[in-house]
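Peer 1: Numbering (this note's numbering), first residue to last: 26 to 541.
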């Protein structure tokens, strides 16, 4: 195993400190399937804003020392997501004065998480109650994952600007608030640390601050009018951990972001592409770290461009998905068992107290077992290892082990369409992101296929599927047909232009003016 694994931080708070240090040692603290790519991006922006306010955006300083104080913005959240009174007031009252009076009375009674709910300032910021109601409805309609059934304190306004960024919290029945790590589960913190440690962090800092934090945005002005004075968390948020100081994925991720942020489009329009390309890179990060533990060949993603009937490529794509989906758990088990191959382990099991000495090695490496728990430390050393593997796998399956499948579906990389097996089959939305992120103006179609393969391990055409063809798992024609279907898909999306039978170009739709 040749991979960098940084030491575990000494202190973790009781709520977020892992009990078994295995998943975190390989991938960081932490990857989480319930935090979607969109919410990961939102958490990233929340961290970025806090660190920018402290004068250290994308500048980590000491490794794994991130500690930030995010916004909470509870007035805003109450107004957008905990405000059922607007429709009632509009239906019950006629005069503007009566509408404000009735709504303020109801809102003061129902608002959560605020020591002294006072929304009277809104009357000075909106000429009429109807204007206020229209703004609230607009922001409700533009919410991130707005149709979800999450509680109101875990819903998020579209990131129009700094005023719209805040952390996930839980509000108790008595009005107390606490940080919640279910939907902001630290995956956004991992993303932040990845970009901090990329070779392009300085360039990216300038772009992100310019495009998202300091760019005058009319919609952010509406959000700011609702929130009023910004509200910060009472304490710093620490405990983020990324187990390697450098990685090729970090640099590729930063390059992808810079390419998208350089497009001549509004920041709002760039965000969906940033979310999709981030999801792809995070999936590849998990798979590549797994590959490093397992000492395997580079990751490949065999993609079927959906055909009207079952094909060889469809089966190979499903096999590719399953192979990659199993890799993280296999890496977890291998990571633990590597410990039993060390000289230190051999000395321990040859000693007078092999079980206690073996337990001490496992405790030092994985923070398990509890030295005072006689029920845990029982049997033979190999039984102790098997028990650790079993517990670690059970924990892994709850969240980290679901990331690949959940995120692949979320970004449009995988599908079960016309099949009982999940396979890699990119959607139009993801294909467009790959074009705008990888194509500067235009390139030949065959070069585009090569770029996808070299950059992300994506296999579509026969040139990229050479190993599968040579091994007899597929014919050249199978993947040539697959590439032809992609060409037709891109042409229908306005992303490809054929100049002759032997010459087709993939075009970045946002760079055509410059290309011409």
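Just so you know, even glycine gets a beta-carbon here, dropped at the ideal spot from N, CA and C.
Given the structure is predicted, the values throughout are model-derived calculations rather than measurements.
1) Can you give, in chain order, each stretch of the alpha helix (DSSP H) that sits fully within the segment 288-372 and has at least 4 residues?
2) Buried or exposed for residue 372, please, with buried defined as at least 16 other CB atoms from any protein chain shown within 10 angstroms of its CB.
3) Using three-state DSSP, classify residue 401 as helix, strand or coil.
4) Output the boundary residues of the alpha helix (DSSP H) element that contains residue 412.
5) With a cut-off of 8 Å on the beta carbons, I'd call residue 66 and residue 300 a contact; round off their distance for me.
6) Going by the beta-carbon positions, is the gap between residue 70 and residue 99 smaller than 8 Å?
7) Taking the straight line between their C-alpha atoms, what separation do you get for residue 92 and residue 500?
8) Just to confirm before moving on: does the CB-CB distance between residue 179 and residue 208 stay below 8 Å?
9) Thinking C-alpha only, which one of 470, 265 and 60 is nearest residue 513?
10) How would you call residue 487, buried or exposed, if buried means at least 16 neighbouring beta carbons within 10 angstroms?
11) On a Cα-Cα basis, can you pick out the residue from 345, 418, 174 and 147 that is closest to residue 485?
12) Are the Cβ atoms of residue 83 and residue 229 separated by less than 8 Å?
13) Answer yes or no: do residue 95 and residue 258 have a C-beta to C-beta separation smaller than 8 Å?
14) Give the list of continuous alpha helix (DSSP H) stretches no shorter than 4 residues that lie fully inside the segment 186-248.
15) Less than 8 Å between the beta carbons of residue 267 and residue 89, yes or no?
16) Could you give the distance in angstroms between the alpha-carbon of residue 509 and the alpha-carbon of residue 108?
17) Identify the continuous alpha helix (DSSP H) that holds residue 267 and give its terminal residues.
18) Which residue from 383, 425 and 468 puts its Cα closest to that of residue 315?
19) With respect to the alpha helix (DSSP H) encompassing residue 78, which residues constitute its N-terminal and C-terminal limits?
20) Once the 5 residues before and after residue 145 are set aside, which same chain residues still bring their CB inside 7 Å of it?
21) Would you list the one or two residues that DSSP bridges to residue 176?
22) Suppose you measure from the CA of residue 521 to the CA of residue 507; what does that come to, to the nearest Å?
23) Give me the Cα-Cα distance between residue 238 and residue 366, rounded to the nearest whole angstrom.
24) Is the beta carbon of residue 369 sitting closer than 8 Å to the one on residue 386?
25) If we ignore side chains and look at the alpha-carbon of each, how far apart do residue 278 and residue 174 end up?
26) Name the residue from 51, 286 and 117 whose alpha carbon lies nearest to the alpha carbon of residue 270.
27) My assumption, with CB atoms under 8 Å, is that residue 330 sits in contact with residue 511. Please give the rounded CB distance.
28) Please classify residue 541 as buried or exposed, where buried requires at least 16 other C-beta atoms within 10 Å of its C-beta.
29) In angstroms with no decimal places, state the Cα-to-Cα distance between residue 441 and residue 339.
30) So the beta strand (DSSP E) residue 531 belongs to, where does it begin and stop?
31) Among 464, 445, 357 and 456, whose alpha-carbon lies nearest the alpha-carbon of residue 420?
32) The alpha helix (DSSP H) that contains residue 512, what's its start and end?
33) With distance defined between alpha-carbon atoms, name the residue in 80, 86 and 383 nearest to residue 404.
Peer 2: So, to answer that:
1) 292-319 and 337-362
2) Counting from one through the chain shown, the residue named residue 372 turns up at place 347. Result: exposed.
3) As a working note, residue 401 is residue 376 in the chain shown. In the structure shown, residue 401 falls within a coil segment according to DSSP collapsed to helix, strand and coil.
4) Position 387 of the chain shown holds residue 412. Start and end: 406-423.
5) As a working note, residue 66 is residue 41 in the chain shown. As a working note, residue 300 is residue 275 in the chain shown. Indeed, because the Cβ distance is near 5 Å, the residues count as touching under 8 Å.
6) Locating residue 70 in the chain shown gives position 45, where the first residue counts as 1. Locating residue 99 in the chain shown gives position 74, where the first residue counts as 1. No, Cβ-Cβ distance for residue 70 and residue 99 is not below 8 Å.
7) Numbered from its first residue, the chain shown carries residue 92 at position 67. Numbered from its first residue, the chain shown carries residue 500 at position 475. Rounded to the nearest whole angstrom, the C-alpha separation of residue 92 and residue 500 is 54 Å.
8) Residue numbering aside, residue 179 sits at position 154 when the chain shown is read from its first letter. Residue numbering aside, residue 208 sits at position 183 when the chain shown is read from its first letter. The answer is yes: Cβ separation under 8 Å.
9) The residue given as residue 513 occupies position 488 in the chain shown. Here the closest residue by C-alpha is 470.
10) As a first step, residue 487 must be located in the chain shown, where it is residue number 462. Flag for residue 487 reads buried.
11) Stepping through the chain shown from its first residue, residue 485 is reached at position 460. Nearest option by C-alpha distance: 345.
12) For the purposes of this step, residue 83 is identified with residue 58 of the chain shown, where counting begins at 1. For the purposes of this step, residue 229 is identified with residue 204 of the chain shown, where counting begins at 1. Contact: yes.
13) Looking up residue 95 in the chain shown gives position 70. Looking up residue 258 in the chain shown gives position 233. Contact flag set, yes.
14) 212-221 and 226-233
15) On the chain shown, position 242 is the one that residue 267 refers to. On the chain shown, position 64 is the one that residue 89 refers to. Contact: yes.
16) Here residue 509 refers to the residue found at position 484 of the chain shown. Here residue 108 refers to the residue found at position 83 of the chain shown. In a straight line, the C-alpha of residue 509 is about 52 Å away from that of residue 108.
17) Walking along the chain shown from the start, residue 267 turns up at place 242. Where residue 267 is concerned, there is no enclosing alpha helix (DSSP H), because DSSP gives it neither an H nor an E.
18) Here residue 315 refers to the residue found at position 290 when the chain shown is read from its first residue. Selected option, being the one with the closest Cα: 425.
19) Stepping through the chain shown from its first residue, residue 78 is reached at position 53. Run containing residue 78: 62-78, per the alpha helix (DSSP H) assignment.
20) Locating residue 145 in the chain shown gives position 120, where the first residue counts as 1. Around residue 145: 129.
21) Indexing the chain shown from 1 puts residue 176 at position 151. Residue 176 pairs with nothing; no bridge assigned.
22) The sequence position of residue 521 within the chain shown is 496, counting from 1. The sequence position of residue 507 within the chain shown is 482, counting from 1. Each residue's Cα considered, the two are about 16 Å apart.
23) By one-based count along the chain shown, residue 238 stands at place 213. By one-based count along the chain shown, residue 366 stands at place 341. Answer to the nearest angstrom: the Cα atoms are 50 Å apart.
24) Within the chain shown, numbered from 1, the residue matching residue 369 stands at position 344. Within the chain shown, numbered from 1, the residue matching residue 386 stands at position 361. The beta carbons of residue 369 and residue 386 sit closer together than 8 Å.
25) Against the chain shown, residue 278 aligns to sequence position 253. Against the chain shown, residue 174 aligns to sequence position 149. Computed Cα separation, rounded: 31 Å.
26) Counting from one through the chain shown, the residue named residue 270 turns up at place 245. Answer by Cα proximity: 51.
27) Along the chain shown, read from residue 1 onward, the residue named residue 330 stands at position 305. Along the chain shown, read from residue 1 onward, the residue named residue 511 stands at position 486. About 4 Å; that satisfies the 8 Å criterion.
28) Here the question's residue 541 lines up with position 516 in the chain shown. For residue 541, the predicted model reports a pLDDT of 37, less than 50, meaning its position is unreliable; a value from the coordinates is still stated below. So residue 541 ends up on the exposed side.
29) Along the chain shown, read from residue 1 onward, the residue named residue 441 stands at position 416. Along the chain shown, read from residue 1 onward, the residue named residue 339 stands at position 314. C-alpha of residue 441 to C-alpha of residue 339: approximately 10 Å in a straight line.
30) Here residue 531 refers to the residue found at position 506 when the chain shown is read from its first residue. Start and end: 528-532.
31) Taking the first residue of the chain shown as 1, we reach residue 420 at position 395. Of the candidates 464, 445, 357 and 456, the one whose C-alpha sits nearest the C-alpha of residue 420 is 357.
32) One-based indexing of the chain shown puts residue 512 at position 487. Start and end: 501-517.
33) For the purposes of this step, residue 404 is taken as residue 379 along the chain shown, with counting starting at 1. Selected option, being the one with the closest Cα: 383.
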